[in-house]
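For the sequence shown, numbering that gives the first Met the number 0 assigns the number 343 to the last residue and increments by one with no breaks.
Step one of this worksheet: look at the structure below.
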Amino acid sequence: MINVDAKDIDYYSLGFDFIETKAMFISDYKNDKWDQGKLVPFGNIEISPAACVLNYGQEIFEGMKALSTKKGDITLFRPEENAKRFNKSAERLLMPTYDTHRFVQAIKQVVIANKEYIPPYDTGGALYIRPLMIGSGPILGVKPAKEYKVIIFTVPVGPYFPQGFMGIDLEITKEYTRAAPGGTGYAKTGSNYAGSMLAAKLTKEKGFSQVIFLDAVNKEYIEEVGTANFFAVIEDKLVTPLTSGTILPGITRMSVIELAAKKLGMVIEERDVSYKELFDDGCIEVFCTGTAAVITPIKSVSIEQQKKVFSGGEPGQYTRKLYELLTGIQRLEIEDEFNWVVVV
Ligand code: PLP
Ligand code: COI
0 MINVDAKDID YYSLGFDFIE TKAMFISDYK NDKWDQGKLV PFGNIEISPA
50 ACVLNYGQEI FEGMKALSTK KGDITLFRPE ENAKRFNKSA ERLLMPTYDT
100 HRFVQAIKQV VIANKEYIPP YDTGGALYIR PLMIGSGPIL GVKPAKEYKV
150 IIFTVPVGPY FPQGFMGIDL EITKEYTRAA PGGTGYAKTG SNYAGSMLAA
200 KLTKEKGFSQ VIFLDAVNKE YIEEVGTANF FAVIEDKLVT PLTSGTILPG
250 ITRMSVIELA AKKLGMVIEE RDVSYKELFD DGCIEVFCTG TAAVITPIKS
300 VSIEQQKKVF SGGEPGQYTR KLYELLTGIQ RLEIEDEFNW VVVV
């Protein structure tokens with residue numbers, strides 16, 4: 000099901016798979032400047048086989064969601080944070096930055112143009128928004144392109160992990176790492192994901208939903224889940240790995256830290272987290288966060304012959320409270336006292 004009319008989509012059984020929507024935004028960078036950008040029908044683009052993105056992977060992207068509220072408003076969550084992160088990724092890959100105000104404006108334009116694809120409120124689904132930038136200009140030597148494209152398209156989605164709030168089983172991998180100090184781990188660039196697919200495939204064959212990556216130097220400290228940030232509740236404190244360059248600084252992560260501190264009064268520790276700590280009695284809950292994953296409880300963590308099941312296999316109380324707070328604010332059911340929500 001790729002090309003389907005908005006009214007023929009079964010919004011109640013959506014997963015996280017590609018479906019075409021009506022319109023996309025496209026903007027070109029030539030002669031050292033961006034054009035105004037415009038909405039066009041969703042479709043293929045033409046690109047030189049010598050494009051930098053095709054040869055050397057000069058690409059960055061973002062992930063965002065537009066949600067329907069009960070009252071029928073359409074909301075975005077902290078879109079200017081995605082715009083800022085987009086530019087941090089761009090700088091790491093020697094790509095031109097994109098004006099943050101224009102980025103948010105373009106997001107709104109694409110959402111409005113595809114609004115008939117926003118899943119109804121009661122489905123719990125969202126219109127996933129995928130902004131990306133590619134080095135589209137031709138190049139032979141390893142250096143940045145001279146021409147770029149920003150493209151923004153949308154896809155109606157359901158939960159990223161089919162188990163949803165029931166919790167997922169994860170495996171810690173010591174065999175594969177995602178990013179090393181000095182590398183591109185903090186940038187949202189396609190090659191970080193291409194390199195993680197083998198680890199994900201192998202763990203899924205064993206029945207796990209995803210891997211948890213460890214740091215590349217010591218193979219001891221937790222970095223993140225393949226597509227989400229990692230949290231543990233240890234002795235009633237909320238503990239999460241530092242964003243010191245090798246993990247993606249998640250916008251959901253940043254928001255959950257603030258909610259836990261200000262709304263639940265939790266003590267937060269951003270620090271190195273040894274995977275061994277998860278197997279101690281003090282570690283009572285673990286979960287992961289992301290735009291696609293929202294807050295997904297982690298039912299169990301395994302490494303080699305060791306396995307620990309958390310909260311008797313049920314979502315823990317802190318995970319549940321944080322999920323209710325975050326999704327309540329995102330859908331404007333709880334007062335948005337942090338000014339995170341943008342109504343389109
Ligand atoms: N880590 C990785 C590797 C991701 O792909 C994502 C998803 O975007 C996240 C963390 C969470 O980031 P955010 O909460 O901004 O979506
Ligand atoms: C997101 O959560 O938006 C992501 O980018 C994760 C994944 C789908 C790449």
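The C-beta atom is built at its ideal place from N, Cα and C for all residues, glycine as well.
Quick caveat, the model's predicted, so the values are computed rather than measured.
Exposed or buried, what is residue i when buried is set at 16 or more other beta-carbons lying within 10 Å of its beta-carbon?
i: F278; result: exposed
i: M23; result: buried
i: D280; result: exposed
i: Q316; result: exposed
i: N228; result: buried
i: F337; result: exposed
i: L387; result: Residue 387 is absent from the structure shown; the chain starts at 0 and stops at 343.
i: Q305; result: exposed
i: R270; result: exposed
i: S12; result: exposed
i: K298; result: buried
How many Å lie between residue i and residue j at the Cα?
i: Q104; j: M94; result: 21 angstroms
i: I302; j: E276; result: 13 angstroms
i: E344; j: E234; result: A query on residue 344 cannot be resolved here, the shown segment of the chain reaching from 0 to 343 and no further.
i: G351; j: D7; result: In the structure displayed, the chain extends from 0 to 343; residue 351 sits before or after that span and is not available.
i: T288; j: I73; result: 22 angstroms
i: S195; j: M265; result: 33 angstroms
i: V3; j: F17; result: 11 angstroms
i: K261; j: L139; result: 52 angstroms
i: G42; j: G136; result: 19 angstroms
i: Y120; j: G166; result: 22 angstroms
i: S26; j: V308; result: 48 angstroms
i: T202; j: V224; result: 12 angstroms
i: K148; j: I44; result: 10 angstroms
i: G123; j: A291; result: 12 angstroms
i: S254; j: P130; result: 21 angstroms
Which residues does DSSP pair with residue i in a beta bridge?
i: D27; result: K148
i: R346; result: Nothing in the structure corresponds to residue 346, since the chain is present only between 0 and 343.
i: Q305; result: I302
i: I73; result: S67
i: G134; result: Y147
i: V232; result: L237 and E284
i: M341; result: For the sequence presented, residue 341 should be read as Val rather than Met. The partner list for V341 (beta bridge, DSSP) reads L75.
Would the beta-carbon of residue i be found less than 7 angstroms away from any heavy atom of the ligand PLP?
i: E219; result: no
i: R319; result: no
i: R129; result: no
i: A291; result: yes
i: T251; result: yes
i: G182; result: no
i: E223; result: yes
i: T288; result: yes
i: L247; result: yes
Is residue i near the ligand COI, going by C-beta to nearest heavy atom under 7 angstroms?
i: A105; result: no
i: T226; result: yes
i: Y185; result: no
i: Y322; result: no
i: G157; result: no
i: G62; result: yes
i: Y192; result: yes
Quick one: does residue i have its CB under 8 angstroms from some CB of chain D?
i: G327; result: You won't find chain D in this structure, because it holds only one protein chain.
* Go through the segment 149-230 residue by residue and report every complete run of the alpha helix (DSSP H) that reaches 4 residues or more, in order. => Segments of the alpha helix (DSSP H) lying fully in the segment 149-230: 189-193 and 196-204.
Complete beta strand (DSSP E) runs within the segment 8-60 (minimum length 3 residues, chain order): 22-29, 37-40 and 58-60
Review point. In chain order, which continuous runs of the alpha helix (DSSP H) of length 4 or greater are located wholly inside the segment 236-298?
Key: 250-261
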